[in-house]
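Everything in the sequence shown is counted per the working numbering, starting at 17 for the first residue and increasing by one. All C-beta atoms, glycine included, are put in the ideal place defined by N, C-alpha and C. Take a look at the structure set out below.
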Amino acid sequence: MKSKEGLCSKEYNYTLSCDYKYVIWRIKEKQGNLIEKTSYSAIFVAKPYTAAVDVTERRNLVYNFRSLLARNTKGHLISGIYFPLLNDGENYFTIFYLDNGIK
17 MKSKEGLCSK EYNYTLSCDY KYVIWRIKEK QGNLIEKTSY SAIFVAKPYT AAVDVTERRN
77 LVYNFRSLLA RNTKGHLISG IYFPLLNDGE NYFTIFYLDN GIK
């Protein structure tokens with residue numbers, strides 16, 4: 017599958033792992049005449065999807081901040097809340113949202 021937005025073109029390729037537990041998602045991205053960049057992601061599919069909050073909570077286990085994000089169908093962020101886990105006594109968080117293309 018291919019997509020193009022302005023000067024950026026992306027090519028997506030999905031394959032199953034040998035044990036059928038993961039979908040391997042490859043993205044080839046090229047911006048104008050720059051060098052092509054390839055990235056890979058693995059999506060676990062052996063169990064049913066439960067909820068976005070459950071997935072976010074698991075991802076948060078490995079980062080030193082917490083977040084809950086919403087994305088549109090193209091994967092672009094449209095809103096969210098996040099905050100760092102700090103031991104320095106400072107407490108703060110960030111909320112953001114997209115309103116008519118303005119963050």
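Counting along the chain, where does the beta strand (DSSP E) carrying glutamate 45 start and finish?
-> Per DSSP, the unbroken beta strand (DSSP E) holding glutamate 45 starts and ends at 38-47.
Please name the residue or residues paired with isoleucine 94 in a DSSP beta bridge.
-> DSSP lists no partner for isoleucine 94.
Endpoints, beta strand (DSSP E) assigned at cysteine 34 = Where cysteine 34 is concerned, there is no enclosing beta strand (DSSP E), because DSSP gives it neither an H nor an E.
Assign isoleucine 51 to one of three DSSP states: helix, strand, or coil.
-> Three-state result, isoleucine 51: coil.
Helix, strand or coil: which one does DSSP assign to glutamate 106?
-> Looking at glutamate 106 - three-state DSSP - the assignment turns out to be coil, as it is neither helix nor strand.
Hey, arginine 13 and isoleucine 94: beta-carbon distance below 8 Å or not?
-> Since the displayed the chain opens at 17 and closes at 119, residue 13 lies outside it and no answer follows.
Top-ranked residue by Cα proximity to leucine 50, from Lys26, Asp35, His92 and Gly117 = For the residues Lys26, Asp35, His92 and Gly117, the minimum Cα distance to leucine 50 belongs to Lys26.
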